Amino acid sequence: MDSTVDKDALLSDGEEDVTEEELNTPIVLTDRDLGLMTLCHGERYLAYSHIKEGFWPDRSIESNVARRRIRRLTEEGYLRKEWIEPRTQTLYLLDERGHQALKERNLHQDLDLYRFTEERDSRLIDHHLKVTNIRLLFR
Numbered sequence: 018m019d020s021t022v023d024k025d026a027l028l029s030d031g032e033e034d035v036t037e038e039e040l041n042t043p044i045v046l047t048d049r050d051l052g053l054m055t056l057c058h059g060e061r062y063l064a065y066s067h068i069k070e071g072f073w074p075d076r077s078i079e080s081n082v083a084r085r086r087i088r089r090l091t092e093e094g095y096l097r098k099e100w101i102e103p104r105t106q107t108l109y110l111l112d113e114r115g116h117q118a119l120k121e122r123n124l125h126q127d128l129d130l131y132r133f134t135e136e137r138d139s140r141l142i143d144h145h146l147k148v149t150n151i152r153l154l155f156r
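Okay, so the sequence shown: first residue is 18 according to our numbering, each after it adds one.
Dropping the structure here:
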């Protein structure tokens with residue numbers, strides 16, 4: 018899957034809350050970003066609900082804070098967005114720049130960057146996401 022990001026697509030996918038100015042401002046990684054990327058790397062991939070509940074549990078869905086930050090991290094190449102066919106679930110994976118940021122801070126857990134293979138088993142992915150749900154309960 019191509020990991021390049023089209024800024025126009027990010028602005029036009031139904032969430033106009035990310036401004037052109039935000040997209041043109043350099044991103045500064047926060048401790049929350051690093052924690053999110055570390056968890057994403059360790060679990061291989063996360064659903065939006067994992068990220069929202071794990072890192073923004075007190076924010077309402079309407080605030081879009083989590084979604085906006087995830088979009089920035091994706092746009093900047095720290096995360097990658099992939100879909101489970103038939104495009105029923107969006108998953109977030111660590112991307113090259115995120116892996117490098119974790120390596121620079123010795124947070125990469127000696128794990129290689131995870132990539133999906135062409136033969137995606139949706140049952141296995143579903144199982145993995147449910148296990149992640151349980152792991153997050155005990156964080």
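C-beta atoms are modelled at their ideal positions from N, C-alpha and C, and glycine is treated no differently.
The model shown is predicted, which means the values in this text are computed figures rather than measured ones.
Just verifying my parser: in three-state terms, what is the DSSP assignment at residue i?
i: residue 86; result: helix
i: residue 137; result: coil
i: residue 132; result: coil
i: residue 156; result: coil
i: residue 30; result: The predicted position of residue 30 is uncertain, since its pLDDT is 40 and thus under 50; a value taken from the coordinates is nonetheless stated next. Residue state, collapsed to three classes: coil.
i: residue 127; result: coil
i: residue 148; result: helix
Comparing alpha-carbon positions, which option in the options lies nearest residue i?
i: residue 145; options: 130, 120, 101; result: 101
i: residue 142; options: 86, 117, 151, 62; result: 62
i: residue 107; options: 119, 41, 88, 120; result: 88
i: residue 131; options: 60, 85, 44, 43; result: 60
i: residue 37; options: 92, 138, 75, 116; result: 92
i: residue 119; options: 86, 46, 148; result: 46
Using a threshold of 9 Å, state whether the C-beta atoms of residue i and residue j are closer than that.
i: residue 73; j: residue 83; result: yes
i: residue 70; j: residue 94; result: no
i: residue 79; j: residue 133; result: no
i: residue 109; j: residue 122; result: no
i: residue 48; j: residue 90; result: no
i: residue 153; j: residue 67; result: yes
Is there at least one non-hydrogen atom of the ligand ADP closer than 8 Å to the beta-carbon of residue i?
i: residue 37; result: For the structure depicted, the ligand ADP is absent and the ligand set is empty, with no information on it obtainable.
*Return the chain-ordered ranges of every beta strand (DSSP E) run that is complete within the stretch 38-124 and spans a minimum of 3 residues.*
96-101, 106-111
*How do the stretch 46-62 and the stretch 122-135 stand: do at least 3 beta-carbon pairs fall below 8 Å, yes or no?*
yes
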